[in-house]
Amino acid sequence: MKLLIAIVQDKDASRLSNDFIENDIRATRLSTTGGFLKSGNTTFMIGIDEERIDEVLSLIRESSHTRQQFMTPPVNLDAQLDSTSSYPIEVQVGGATVFVVPVEQFHQF
Amino acid sequence: MKLLIAIVQDKDASRLSNDFIENDIRATRLSTTGGFLKSGNTTFMIGIDEERIDEVLSLIRESSHTRQQFMTPPVNLDAQLDSTSSYPIEVQVGGATVFVVPVEQFHQF
Amino acid sequence: MKLLIAIVQDKDASRLSNDFIENDIRATRLSTTGGFLKSGNTTFMIGIDEERIDEVLSLIRESSHTRQQFMTPPVNLDAQLDSTSSYPIEVQVGGATVFVVPVEQFHQF
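Below you can see the structure in the form of structure tokens.
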């Protein structure tokens with residue numbers, strides 16, 4: 001048993017959630033926020049047997065595409081920077097980050 | 001020191017939270033969503049010394065009961081399935097899932 | 001690669017979030033609730049190379065100050081206790097709790 005912590009873009013989360021259900025993978029969903037652009041993302045916690053890790057990783061990879069998107073950067077608190085930096089800019093978003101964490105005990109009550 | 005990640009039903013969370021306080025167990029609470037029926041649940045993150053793991057597991061087991069409940073399944077996106085599947089159905093809910101994860105360093109500032 | 005799970009006070013979270021951005025540390029932010037006084041706090045999940053752990057810990061320590069604050073305790077469900085316990089009390093808040101958790105696999109898609 002391993003714990004997979006997968007951070008994906010909000011737009012990819014619903015499809016991925018359905019993929020998990022179809023493949024009988026129990027995932028717990030957290031609403032999270034990314035560091036850099038403060039955009040919303042979704043974190044899934046998935047407890048899975050070791051032999052199914054690659055299957056889960058494949059589902060995540062297929063559902064999470066990098067893409068171009070316009071975003072408004074967070075309000076700039078540094079007065080030295082140019083005020084135009086609060087206009088929308090095109091950035092590459094998407095993709096997923098996955099941590100596989102060891103589990104010493106697993107219980108279901 | 002271990003990190004316990006406990007996912008319980010929303011209905012059981014308040015009682016369990018009080019149990020933790022009464023037993024001087026520090027727990028951080030996250031609002032989460034379950035995979036299958038998209039019902040709300042609550043995840044507790046608990047840092048605990050190894051010799052108290054069984055005590056925490058007992059509290060979780062006592063507070064989390066499986067029970068029958070009516071739920072409306074999520075909207076069905078697969079047109080081939082019968083539309084009646086969006087009516088409430090009786091399901092077994094409750095119970096808890098607990099992961100015990102190793103901790104290499106623990107700091108309090 | 002390690003996974004740092006850092007629980008800090010809400011008031012310290014924005015500054016710390018900016019510190020992470022300035023130092024090119026990717027952090028995912030969760031809105032969480034503390035156990036004892038039910039006050040809001042913020043949990044950061046940070047994937048970081050082993051040699052940068054001390055740098056991240058220093059940023060967390062510098063941003064998280066213990067301080068005195070008035071708080072209203074949660075409604076007391078135990079009728080035997082005095083009703084005055086629901087008045088605001090002065091408590092020491094702040095500080096941070098950090099768990100460093102091993103990571104067996106790390107993927108970015």
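Residue numbers (UniProt numbering), protein chains in the order written: chain A, 1 to 109; chain B, 1 to 109; chain C, 1 to 109. All C-beta atoms, glycine included, are put in the ideal place defined by N, C-alpha and C.
As computed with DSSP, A/T97 is found in a beta bridge with A/I7 and C/Q108. Of all residues in the region 50–73 of chain A, none places a beta-carbon less than 8 angstroms from a beta-carbon of chain B. Less than 7 angstroms separates the beta-carbon of B/L4 from that of B/V100. Here DSSP, grouped into helix, strand and coil, assigns C/R67 to strand.
When Cβ-Cβ separations below 7 angstroms define contact, A/F99 makes no contact with chain B.
Between the beta-carbon of A/V8 and that of C/H107 there is about 12 angstroms, and that puts the pair past the 8 angstroms contact cut.
When only Cα atoms are considered, C/N23 and B/F70 end up about 49 angstroms apart. B/S14 and B/G34 have their C-alpha atoms spaced approximately 17 angstroms apart. At a cut-off of 7 angstroms between beta carbons, C/R15 makes no contact with chain A.
Annotated three-state conformation of C/S31 is strand, per DSSP.
Contact note: A/A96 reaches chain C through H107, Q108 and F109, using a C-beta cutoff of 8 angstroms and chain order. One alpha carbon belongs to B/I21, the other to A/E62, and they sit about 43 angstroms apart.
Interface residue (Cβ-Cβ distance to chain B less than 7 angstroms): A/L4 is not classified as such.
Contact between B/K11 and B/I48 is absent: CB atoms are separated by about 24 angstroms, not below the 8 angstroms threshold. The three-state reading of DSSP puts C/N18 in helix, counting H, G and I together. For A/G34, the chain C residues whose Cβ falls inside 7 angstroms of its Cβ are T28, in order along the chain. Listed along the chain, the chain A residues whose CB falls inside 7 angstroms of the CB of B/I7 are T28.
Relative to the Cα of C/T42, the nearest Cα in the group C/E50, C/T32 and C/E51 belongs to C/T32. Selection C/S39, C/N18 and C/M45 evaluated against C/V103 yields C/M45 as nearest (Cα-Cα). Against C/G40, chain A offers no close residue; the least beta-carbon distance is about 14 angstroms (beta-carbon pairs closer than 8 angstroms). In terms of beta-carbon proximity, C/E22 stays away from the interface with chain A, with every pair separated by 7 angstroms or more. Of the residues A/I25, A/P73, A/G95 and A/F109, the one whose Cα lies closest to the Cα of A/D54 is A/I25. Listed as beta-bridge partners of A/V103 by DSSP are no residues whatsoever. A distance of 7 angstroms or more separates the beta carbons of B/S58 and B/A96. In terms of Cα proximity to C/Q92, the closest of C/T72, C/T66, C/P73 and C/Q105 is C/T66. At a cut-off of 7 angstroms, the C-beta of B/P102 has a neighbouring C-beta in chain A. Pairing A/I60 with A/A6 gives a Cβ-Cβ distance under 7 angstroms. In the three-state DSSP reduction, C/I89 falls in the strand class (E or B). Taking C-alpha positions only, B/N18 is separated from A/Y87 by approximately 47 angstroms.
Between B/Q68 and B/E90, the alpha-carbon positions lie close to 6 angstroms from each other. Residues D10, S31, T32, T33 and G34 of the same chain have their beta carbon placed closer than 8 angstroms to that of C/G40, with the five preceding and five following residues left out of the count.
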